[in-house]
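Beneath this line is the structure, given in structure tokens, with notes to follow.
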Amino acid sequence: QVQLVESGGGLVQAGGSLRLSCAASGRTFSSYSMGWFRQAPGKEREYVAAIGRSGSITYFTDSVKGRFTISRDNAKNTVYLQMNSLEPEDTAVYYCAARLGAGSYIYWGQGTQVTVSS
């Protein structure tokens with residue numbers, strides 16, 4: 008069992024930055040690939056970024072490439088999402104999730120709200 012707790016959300020003006028953190032419980036954090044997802048009001052949840060177990064491989068959805076970076080610190084059981092040049096369209100609840108291998112994401116956090124004002 009892995010518990011995930013996101014933090015770092017808030018209100019920011021367009022063009023600003025935020026760094027989200029996701030702290031994981033348990034001793035096997037490095038066994039999991041991690042992902043960030045978001046859900047805007049009235050929309051389906053969408054994939055944002057992912058990072059492999061060692062942190063050497065990362066993936067991003069096209070809309071955030073060049074603006075967001077994902078990283079992890081396995082010693083701290085934490086994954087980060089650095090969000091720069093934020094746009095109002097980035098407004099959503101952001102969730103982190105964990106999965107083993109290439110399977111489905113099976114553990115999810117409770118989410119953190121990000122609001123970008125124009």
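So the sequence shown is numbered by the numbering used here: it starts at 8 and just counts up by one.
Built from N, CA and C at the ideal position, the CB exists for glycine as well.
Less than 7 Å separating the beta-carbons of residue i and residue j?
{"i": "M90", "j": "L11", "result": "no"}
{"i": "G33", "j": "A104", "result": "no"}
{"i": "S63", "j": "R74", "result": "no"}
{"i": "V7", "j": "A21", "result": "With the chain covering 8 to 125 only, the question about residue 7 has no answer from this structure."}
{"i": "V121", "j": "G23", "result": "no"}
{"i": "Y112", "j": "V9", "result": "no"}
{"i": "S125", "j": "P95", "result": "yes"}
{"i": "T76", "j": "V55", "result": "no"}
{"i": "Y87", "j": "F44", "result": "no"}
Write down the C-beta distance between residue i and residue j rounded to the nearest angstrom, noting that I regard them as a contact closer than 8 Å.
{"i": "S28", "j": "T85", "result": "6 Å"}
{"i": "T119", "j": "E53", "result": "Actually they do not touch by this definition, with Cβ atoms about 16 Å apart."}
{"i": "R60", "j": "S38", "result": "6 Å"}
With H, G and I counted as helix, E and B as strand and the rest as coil, what does DSSP make of residue i?
{"i": "S32", "result": "coil"}
{"i": "S37", "result": "helix"}
{"i": "I4", "result": "No statement about residue 4 is possible, as the shown extent of the chain runs from 8 to 125 and does not include it."}
Could you tell me which residues DSSP pairs with residue i in its beta bridges?
{"i": "V123", "result": "V19"}
{"i": "V12", "result": "A30"}
{"i": "E53", "result": "R45"}
Every unbroken beta strand (DSSP E) inside the region 60 to 111 [3 residues or more]: 65 to 67, 75 to 80, 85 to 90 and 99 to 107
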